[in-house]
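Participant:
Numbering (the numbering used here), first residue to last: 22 to 480.
1) Measure the Cβ-Cβ separation of residue 297 and residue 347 and say whether it is below 9 Å.
2) Is residue 77 helix, strand or coil by DSSP?
3) Is residue 142 helix, strand or coil when you go by DSSP?
4) By the three-class DSSP mapping on this structure, what secondary structure does residue 49 have?
5) Mind checking whether residue 232 and residue 264 have CB atoms under 9 Å apart?
6) Rounding to the nearest angstrom, what Cα-Cα distance links residue 197 and residue 475 in this structure?
7) Could you tell me which whole beta strand (DSSP E) segments of length 3 or greater appear in the stretch 151-199?
8) Kindly list the residues whose CB is nearer than 6 Å to the CB of residue 48, restricted to its own chain and excluding five residues on each side of it in sequence; keep chain order.
9) Using a Cβ-Cβ cutoff of less than 6 Å, which residues in the same chain neighbour residue 269 once the five nearest sequence positions on both sides are dropped?
10) Measuring CA to CA, which of 81, 258, 329 and 275 is closest to residue 422?
11) On the three-state DSSP scale, how would you describe residue 230?
12) Any idea what DSSP makes of residue 367, helix, strand or coil?
13) CB residue 211 to CB residue 191, shorter than 9 Å?
14) Is residue 426 closer than 9 Å to residue 383 when the C-beta atoms are compared?
15) Tell me the rounded alpha-carbon separation between residue 244 and residue 218.
16) For residue 372, which three-state DSSP category applies?
17) Give the straight-line distance between the Cα atoms of residue 472 and residue 334, rounded to the nearest whole angstrom.
18) For the beta strand (DSSP E) that residue 121 lies in, which residues bound it at each end?
19) Taking all protein chains shown into account, decide if residue 316 is buried (16 or more other Cβ within 10 angstroms of its Cβ) or exposed.
20) Within this structure, are the beta carbons of residue 94 and residue 175 separated by less than 9 Å?
21) Just to confirm my understanding: we take residue 102, look at its own chain, exclude 5 residues before and 5 after, and list those with CB closer than 6 Å. What are they?
22) What residue from 343, 365, 375 and 413 has the CA that sits closest to residue 324's CA?
23) Residue 416 by DSSP, collapsed to three states: which one?
24) What's the call for residue 469, buried or exposed, on a 16-neighbour Cβ count within 10 Å?
25) For residue 276, tell me which candidate among 353, 166 and 239 has the shortest Cα-Cα distance.
26) Report yes if the C-beta of residue 185 is less than 8 Å from at least one heavy atom of the ligand GTP; otherwise report no.
27) Could you have a look at residue 260 and say whether DSSP puts it in helix, strand or coil?
28) Starting from residue 239, trace the beta strand (DSSP E) in both directions and tell me its first and last residue.
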């Protein structure tokens, strides 16, 4: 394999000099020469602004090498022209989000090695509010690849993302194996991996700590030109911690998402565990979550979630956009410990169809100071942005809370309450507006069996 070293193209590698031009020159020469490896040497820190990957290039960081994002937003000429944080809608007046490492329609590209890619999130913090940071107006995606094919990430540590850390939009044939993402848990929008309109992706053996969703699937409006679906996705053997959701499908959904498997993951210390959250007018179908241990807790309401170990919702983002359907979703062999129960809600019953919970055990106990007796519906048609309380369904907590759905089965499911249950705890199962509800060997009692029934059902 031909190797290209940025030091040979004028890089300094001292963590202070601007090495953008030298690293880019090595990438360009490697691609022009037919392909090979751009090698970042051990013991060096290469600081750079926007870098553009080219076809047939492997960017390899030796153990002890660091590629660090520049703290200067003016060093990022590469931008996603539409805003990524505009409430699920394209804002033509938004200046766009800046990008550290990008590539457009490149093929056969890889990011490998035991070194570190540093997204520089700390450089873009404006204020520490205690439980969350207020960020500066411009901060870079660590990765934003558009329409690329045969993309590989292997073994790297990626840390301190300033915005969505690994964003792949409209990419096909993706392998992400054995990487570590170590983000600041107080940094908003620091998602771990975002697969947006991607196809044929495999994510395995990763450890992800992130201040927003660890792994999330989307079909965003601003990337409509890059793909028509998000499909054929497998995620397995990962350990995850998030200030928001560990594994999520949605909430952005402008095109179908389907044929998705999440398996054999451990989730700890997250605001939500696993979720399917439809907030726009397309459909989500054929999704399996299986063989997981999930531990969630409540946290500050600046972060979406309310401790739900499993959340499934089809609720429009606002009153102006429509809502599609969620159907054929399976939750199988999940052990959950949480402060809130399983939460399922459809905007109308026909929006959520054919849902199976099988061998799901939920143990509820209070162990944080944050308010209970609430399920988080955000985003939803209300003034939740200015009045967060309007974004919650305020009601006592049940083991399973099911609202507005068709054909829901609970098979061999179990609800248990910890010692000294909180006063907000009620039924093992409550349902309202659910047709075709089937209980097969459901086990559990009310938190206070002398006051409440095990199940509460309303047509």
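The beta carbon of each residue, even a glycine, is placed where N, CA and C say it ideally should be.
Facilitator: Looking at the coordinates:
1) yes
2) It is coil, neither helix nor strand.
3) helix
4) helix
5) A contact, by the Cβ cut-off of 9 Å.
6) 44 Å
7) 154-156, 162-167, 170-175, 178-180, 187-190 and 193-198
8) 59, 75 and 78
9) 234, 237 and 296
10) 329
11) strand
12) strand
13) no
14) no
15) 8 Å
16) helix
17) 29 Å
18) 118-125
19) buried
20) no
21) Setting aside the 5 residues that flank it on each side, residue 102 is surrounded in the same chain by 117, each with a C-beta closer than 6 Å to its C-beta; the list follows chain order.
22) 413
23) coil
24) Residue 469 should be labelled exposed.
25) 239
26) Ligands in the displayed structure: none, and consequently the ligand GTP is not present.
27) strand
28) 236-240
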